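Novice: Quick one: this structure, given as structure tokens, is what I'll be asking you about.
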DNA sequence: TAGGCAAGCAAGTGGTTACTTGCATGCCGC
DNA sequence: GCGGCATGCAAGTAACCACTTGCTTGCCTA
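Chains as they are written, first to last, in the working numbering: chain A, 209 to 405; chain B, 209 to 405.
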């Protein structure tokens with residue numbers, strides 16, 4: 209790992225702890241085990257470094273996929289949502305910072321939006337396939353349904369360390385229960401499917 | 209409004225914009241139209257002022273209620289959730305800051321938790337009354353269901369200015385659709401109720 | 001082996017921050 | 001009318017910040 213990568217990693221970590229105001233060039237350089245001057249020689253300014261670090265994160269975001277042909281919606285959605293939830297949870301501190309700094313640095317929130325856009329697309333496609341196949345139905349709009357599921361996962365992953373008493377202790381268990389509720393909401397449960405036509 | 213209240217209001221506003229690191233005593237005093245020294249004479253330190261301001265907010269939180277006897281769940285839940293959503297939305301900047309500073313200042317997040325605890329209690333009570341009356345049912349736990357509904361509202365209210373394309377343009381309309389989906393999820397829709405036993 | 005380049009190091013600059021001190025001013029109750 | 005009390009004002013302090021400069025060191029390549 210060369211100096212540039214070390215700085216980017218250190219910047220991400222320090223930024224996660226204190227946001228862009230709390231992330232001092234001294235601490236970043238220290239954590240990267242690099243001279244502070246080297247930081248400026250590479251990136252020019254603190255803001256440029258943080259921006260590069262967030263960009264690096266956006267590039268490396270892994271694209272979760274949902275099967276083209278839904279076969280077992282409960283299992284498939286649960287696995288997908290668990291992975292997404294884990295992704296948010298692992299970066300919860302950083303995500304909170306980017307959202308808090310939305311007014312001052314909209315690019316940060318743009319990164320978050322970019323990363324989750326693929327998740328949303330995947331979910332919407334899957335849902336519409338379910339509905340087209342007659343395996344889900346009712347009077348709901350796809351965008352609203354995905355907003356509900358993704359919002360639930362987001363709030364859980366971002367809030368469960370602030371308010372642990374409010375969420376099921378096991379994240380995996382919680383996600384499974386959310387998916388169960390969600391499937392009923394969109395009429396994709398065997399029983400509810402029967403009545404939705 | 210005396211000097212103390214002016215300072216508290218100004219502190220809340222400046223804190224909403226920049227968090228505790230971005231909130232300088234100079235800007236707070238300026239906005240309160242008060243000398244900066246007066247700020248320190250009243251509160252001793254910046255942190256004490258911010259803490260007092262958040263405490264003031266927690267005290268004045270209005271307690272939303274759901275009817276003791278559910279009669280029209282869709283209408284009642286929609287009204288309740290709209291009010292809650294509006295409350296989050298109006299304070300979204302401040303809420304984002306307190307959550308971002310959770311690691312450094314857990315008291316801030318504690319205030320948010322305290323304020324929403326009443327909402328959760330109300331919702332859980334209402335849901336259990338619905339279920340006891342046989343007007344909702346299925347294999348879900350109350351805590352999970354409320355986490356889902358509140359999480360959806362939270363994510364929408366906090367995220368719709370960062371990612372406007374992801375949410376229905378009208379907040380009231382969005383909440384109505386969330387409630388509709390939620391009622392189906394907990395088996396409180398006429399049709400789905402029939403099959404839940 | 002010579003030259004260039006990346007990095008370290010020490011020191012400094014100008015700006016901002018929270019907080020303090022000392023003193024002047026005006027208002028309100030007695 | 002007078003004493004106390006809340007506030008304003010000017011100035012200062014010590015710390016921290018992003019960022020710069022000038023110089024040295026060591027490694028790789030030609």
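Positions of the beta carbon are idealized from the N, C-alpha and C atoms, including for glycine.
Nothing here was measured: the structure is a model prediction, and the numbers come from that model.
If you run the structure through DSSP and keep just helix, strand and coil, what is residue 371 of chain A?
Specialist: Coil, per DSSP.
Novice: Could you give the residue range of the alpha helix (DSSP H) that holds residue 172 of chain A?
Specialist: Not covered by the structure: residue 172 of chain A. The range shown for chain A is 209 to 405.
Novice: Can you list, in chain order, the residues of its chain with a C-beta nearer than 8 Å to that of residue 328 of chain B? Leave out the 5 residues immediately preceding and following it.
Specialist: Taken in chain order, the residues that qualify are 354, 358.
Novice: At a cut of 8 Å, does the segment 275–294 of chain A reach the segment 337–346 of chain A through at least three beta carbon pairs?
Specialist: The answer is yes - the segment 337–346 of chain A touches the segment 275–294 of chain A, with three or more Cβ pairs under 8 Å.
Novice: Quick check on DSSP: helix, strand or coil for residue 255 of chain A?
Specialist: The answer is helix: DSSP assigns residue 255 of chain A an H, G or I state.
Novice: Could you pull out every residue in the same chain whose Cβ sits closer than 8 Å to the Cβ of residue 296 of chain B, ignoring the five residues on either side in sequence?
Specialist: Same-chain partners within the cutoff: 303, 361, 362, 365, 366.
Novice: Within the continuous alpha helix (DSSP H) that includes residue 316 of chain A, where are the two ends?
Specialist: Here the alpha helix (DSSP H) through residue 316 of chain A covers 314–340.
Novice: Measure the C-alpha to C-alpha separation of residue 356 of chain A and residue 386 of chain B and round it to an integer number of angstroms.
Specialist: Cα to Cα, the separation comes out at about 7 Å.
Novice: Measure how close the beta-carbons of residue 288 of chain B and residue 272 of chain B come, nearest whole angstrom, since I'm counting them as under 8 Å.
Specialist: Contact flag correct, Cβ pair sits at about 6 Å.
Novice: Identify, in the order they occur along the chain, each residue of the same chain with its Cβ nearer than 8 Å to the Cβ of residue 251 of chain A, setting aside the five sequence neighbours on each side.
Specialist: So the qualifying residues of the chain are 215, 257, 260.
Novice: Consider the Cβ of residue 220 of chain A: report whether some Cβ of chain B lies at a distance smaller than 8 Å.
Specialist: No, no contact with chain B.
Novice: If you draw a straight line from the C-alpha of residue 390 of chain B to the C-alpha of residue 349 of chain B, how long is it?
Specialist: Distance between the alpha carbons of residue 390 of chain B and residue 349 of chain B: 13 Å.
Novice: So, with DSSP's three-state summary, where would you put residue 404 of chain B?
Specialist: Any reading at residue 404 of chain B needs caution, since the residue's pLDDT is 40, under 50, leaving its predicted position unreliable; the model's value is listed next. Here residue 404 of chain B sits in coil by DSSP.
Novice: Residues of the segment 263–285 of chain B in Cβ contact with chain A at a cutoff of 8 Å, in chain order, please.
Specialist: Listed by position, the residues of the segment 263–285 of chain B near chain A (Cβ gap below 8 Å) amount to none.
Novice: Taking 8 Å as the CB-CB cut-off, is residue 305 of chain B touching chain A?
Specialist: So yes, residue 305 of chain B belongs to the interface.
Novice: By a C-beta neighbour count over all protein chains shown, 10 Å radius and 16 as the cutoff for buried, is residue 243 of chain B buried or exposed?
Specialist: Classification for residue 243 of chain B: exposed.
Novice: Is the CB of residue 333 of chain A under 8 Å away from at least one CB in chain B?
Specialist: Closer than 8 Å: no.
Novice: Taking only the alpha-carbon atoms, compute the straight-line gap between residue 286 of chain B and residue 372 of chain B and give it to the nearest angstrom.
Specialist: Approximately 21 Å between the Cα atoms of the pair.
Novice: Kindly list, in the order they appear in chain A, the residues whose Cβ is closer than 7 Å to that of residue 375 of chain B.
Specialist: Near residue 375 of chain B (Cβ distances below 7 Å), the residues of chain A are 355.
Novice: With DSSP collapsed to three states, give me the class of residue 273 of chain B.
Specialist: DSSP places residue 273 of chain B in coil when its eight states are reduced to three.
Novice: Can you find the residues in the same chain that come closer than 7 Å, C-beta to C-beta, to residue 382 of chain B, ignoring five residues on each side of it along the sequence?
Specialist: Cβ neighbours of residue 382 of chain B beyond the five flanking positions: 364, 375, 376.
Novice: How far does the alpha helix (DSSP H) with residue 211 of chain A in it extend, from its first residue to its last?
Specialist: Residues 211–230.
Novice: Compute the Euclidean distance between the alpha carbons of residue 293 of chain B and residue 323 of chain B, then round it to the nearest angstrom.
Specialist: About 13 Å.
Novice: Under the assumption that residue 222 of chain A contacts residue 231 of chain A (Cβ atoms under 8 Å), give the Cβ distance between them as a whole number of angstroms.
Specialist: That belief holds up - the Cβ atoms of residue 222 of chain A and residue 231 of chain A are roughly 4 Å apart, short of 8 Å.
Novice: Which residues, in order along the segment 315–348 of chain B, keep a beta-carbon less than 9 Å from a beta-carbon of chain A?
Specialist: For the segment 315–348 of chain B, which is checked against every Cβ of chain A, the residues closer than 9 Å are 317, 318, 320, 321, 324, 325, 328, 346, 347, 348.
Novice: With a cut-off of 8 Å on the beta carbons, I'd call residue 311 of chain A and residue 301 of chain B a contact; round off their distance for me.
Specialist: Indeed, because the Cβ distance is near 7 Å, the residues count as touching under 8 Å.
Novice: At least one CB of chain B closer than 8 Å to the CB of residue 385 of chain A: is that the case?
Specialist: It does: the Cβ of residue 385 of chain A has a partner Cβ on chain B nearer than 8 Å.
Novice: So the alpha helix (DSSP H) residue 234 of chain B belongs to, where does it begin and stop?
Specialist: Element bounds for residue 234 of chain B: 233–240.
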